[in-house]
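Numbering (the working numbering), first residue to last: 152 to 404. Everything on this sheet refers to the single structure shown next.
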């Protein structure tokens with residue numbers, strides 16, 4: 152009975168909001184402001200529900216929107232800016248070292264940067280991730296701009312030299328652009344760094360970091376972070392619709 156009533160209430164509310172959207176041009180300004188405030192409060196709660204449900208799925212070991220993963224994958228993760236709404240959805244001409252969401256930091260070497268970084272919501276059914284990032288860069292006298300992504304503790308747990316760490320992303324730029332991904336692994340007092348240049352052709356980009364050739368101390372791995380580096384990005388628009396990371400064990404040699 153309760154389920155039937157809930158379904159009836161949901162349909163009624165859906166019709167009400169559809170009518171409200173349809174009648175916007177004829178609504179007085181004061182009423183429009185009231186409805187807009189109500190819609191924003193409702194959207195905040197819906198976003199919270201979506202975020203919690205995605206976290207619940209991730210805790211069970213899978214992601215509703217994850218890409219096809221290599222055989223033997225034992226860890227997958229999509230950073231917050233691509234899966235949940237941020238409290239602050241944009242930055243403008245920010246100094247180096249500015250944080251953006253949970254575990255994301257912006258770095259650059261430009262003394263007077265002119266750029267914006269925004270989180271965008273993808274329309275339902277478009278793209279693998281619910282959200283994406285948009286970088287618009289104008290005056291930029293530096294040589295690089297990078298997004299530093301701190302990986303969760305689970306990425307370091309039981310990490311060994313028999314692992315390959317994989318980044319999958321989609322990046323589109325208005326002008327040709329060199330893009331690098333650098334994996335950093337802190338093990339004890341040392342930091343292992345592995346650099347890969349991402350493919351120039353196509354929006355879908357993938358790179359794998361083979362730890363077999365690293366010098367990490369498997370017993371002392373503490374944390375990992377990724378640098379996504381854009382070289383000489385002046386006068387360019389860069390869309391990053393998705394970014395995810397995973398790890399899998401290499402086949403026995």
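Using N, Cα and C, we set each Cβ at its ideal position, and we do this for glycine too.
For the segment 285 to 356, which segments carrying the alpha helix (DSSP H) assignment without a break, of at least 4 residues, lie completely within its bounds, in sequence order? 304 to 307
Anticipated Cβ contact below 8 Å, residue 254 with residue 391, distance rounded: Not really, about 16 Å apart at Cβ, beyond 8 Å.
Between the Cα of residue 191 and the Cα atoms of 315, 236, 341, 222, which residue gives the shortest distance? 236
Inter-residue spacing [alpha-carbon to alpha-carbon] between residue 162 and residue 189: 18 Å
Around the C-beta of residue 257, are 16 or more other C-beta atoms found within 10 angstroms, so that it is buried, or is it exposed? buried
Please state the DSSP three-state secondary structure of residue 178. The three-state reading of DSSP puts residue 178 in coil, since its state is none of H, G, I, E or B.
Secondary structure at residue 400, three-state DSSP: helix, strand or coil? strand
By a C-beta neighbour count over all protein chains shown, 10 Å radius and 16 as the cutoff for buried, is residue 212 buried or exposed? With a pLDDT of 42 at residue 212, under the threshold of 50, the modelled position of this residue cannot be trusted, and the question is left open.
Assuming contact is defined by CB atoms lying nearer than 9 Å, are residue 285 and residue 267 in contact in what I supplied? yes
Span of the beta strand (DSSP E) around residue 365: Unbroken run through residue 365: none, as it is neither H nor E.
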